[in-house]
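S.K.: One structure follows; several queries about it will come next.
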Amino acid sequence: MELHLSLCNLITKASRVVVRQYQQKLAHLGISPSQGGVVYMLSLIGDSSQVEIARRLYLEKTNVNAMVRKLEKAGFVTVEKESDDTRKSRVCLTAAGRELAAELTEIDRQMGAEYQALAGSEPDAAIIRRYLEGILDA
16 MELHLSLCNL ITKASRVVVR QYQQKLAHLG ISPSQGGVVY MLSLIGDSSQ
66 VEIARRLYLE KTNVNAMVRK LEKAGFVTVE KESDDTRKSR VCLTAAGREL
116 AAELTEIDRQ MGAEYQALAG SEPDAAIIRR YLEGILDA
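Below, the structure written as structure tokens:
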């Protein structure tokens with residue numbers, strides 16, 4: 016009997032597959048996909064607050080805080096207090112973090128190419144992109 020899964024169910028399952036693939040690709044780097052997301056995002060937006068990182072990655076600030084502590088311990092980021100308000104801090108990539116970001120960019124490019132190929136055509140990929148972005152914007 017063939018199951019007809021809802022879009023929500025399919026998206027959830029597909030998300031798990033993608034995360035599992037990222038886990039496999041990142042295993043040799045010693046970081047999780049979520050930690051990789053923090054480093055990759057910092058490489059795109061530059062030094063940032065944990066609140067901004069959480070907002071852009073659709074994560075809870077407490078989760079980002081835990082990831083940042085682990086990344087700081089591993090030497091990939093530093094946390095620096097703002098000069099004008101010491102209650103605020105910014106997360107910054109270190110040289111090792113920038114090297115890691117370059118590796119993550121390549122992994123993302125490779126995986127992106129695989130998923131682009133699954134879409135079948137550029138117009139189909141654009142439809143999928145718009146659909147997924149609509150979910151994020153909802």
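Residues 16 to 153 (the working numbering) make up the sequence shown, in order. Even for Gly, the Cβ is constructed at its ideal location relative to N, Cα and C. Please read all numbers here as calculations on a predicted model, not as lab measurements.
On a CA-only basis, which of Tyr73, Lys103, Gln65 is nearest Ala81? Give me that one, please.
M.R.: Residue numbering aside, residue 81 sits at position 66 when the sequence shown is read from its first letter. The option with the nearest alpha carbon to Ala81 is Gln65.
S.K.: Can the beta-carbon of Glu118 be found less than 9 Å from the beta-carbon of Arg105?
M.R.: Translated into the one-based positions of the sequence shown, residue 118 becomes position 103. Translated into the one-based positions of the sequence shown, residue 105 becomes position 90. No, Cβ-Cβ distance for Glu118 and Arg105 is not below 9 Å.
S.K.: Quick one: is Ile142 buried, meaning 16 or more other Cβ sit within 10 Å of its Cβ, or exposed?
M.R.: In the sequence shown, residue 142 corresponds to position 127, counting from 1. Counting Cβ neighbours within 10 Å, Ile142 comes out exposed, since fewer than 16 surround it.
S.K.: Helix, strand or coil for Arg145, going by three-state DSSP, please let me know.
M.R.: Sequence index remark: in the sequence shown, residue 145 carries index 130 (1-based). Arg145: helix per DSSP, three-state reduction.
S.K.: Runs of 4 residues minimum, wholly inside the region 67-119: which ones carry the alpha helix (DSSP H) assignment?
M.R.: Complete alpha helix (DSSP H) runs here, min 4: 76-88.
S.K.: Cα separation between Ala140 and Ser58?
M.R.: Your numbering for residue 140 matches position 125 in the sequence shown. Your numbering for residue 58 matches position 43 in the sequence shown. Roughly 25 Å separates the two Cα atoms.
S.K.: Between the C-alpha atoms of Lys28 and Ile150, what's the straight-line distance to the nearest angstrom?
M.R.: Here residue 28 refers to the residue found at position 13 of the sequence shown. Here residue 150 refers to the residue found at position 135 of the sequence shown. One C-alpha to the other measures close to 15 Å.
S.K.: Contact defined as beta carbons within less than 8 Å: I believe Cys107 pairs with Asp62. What is the distance between those atoms, to the nearest angstrom?
M.R.: If you number the sequence shown from 1, residue 107 lands on position 92. If you number the sequence shown from 1, residue 62 lands on position 47. Right, their Cβ atoms sit about 4 Å apart.
S.K.: Where does Ser47 fall in DSSP's three states?
M.R.: Within the sequence shown, numbered from 1, the residue matching residue 47 stands at position 32. Ser47 falls in the coil class under three-state DSSP.
S.K.: Run through DSSP, which three-state label would Ser63 get?
M.R.: Within the sequence shown, residue 63 is the residue found at index 48, counting from 1. The answer is strand: DSSP assigns Ser63 an E or B state.
S.K.: For Ile60 and Gly135, I'd like the C-alpha separation in whole angstroms.
M.R.: As a working mapping, residue 60 is identified with position 45 in the sequence shown. As a working mapping, residue 135 is identified with position 120 in the sequence shown. Computed Cα separation, rounded: 31 Å.
S.K.: Should Leu86 be labelled buried (16 or more other beta-carbon atoms within 10 Å of its own) or exposed?
M.R.: Counting from one through the sequence shown, the residue named residue 86 turns up at place 71. It is buried - the Cβ of Leu86 has at least 16 other Cβ atoms within 10 Å.
S.K.: Excluding sequence positions up to five away, which residues of its chain have a Cβ less than 7 Å from the Cβ of Leu115?
M.R.: In the sequence shown, the residue the question calls residue 115 occupies position 100. Cβ neighbours of Leu115 beyond the five flanking positions: Leu44, Val54, Phe91.
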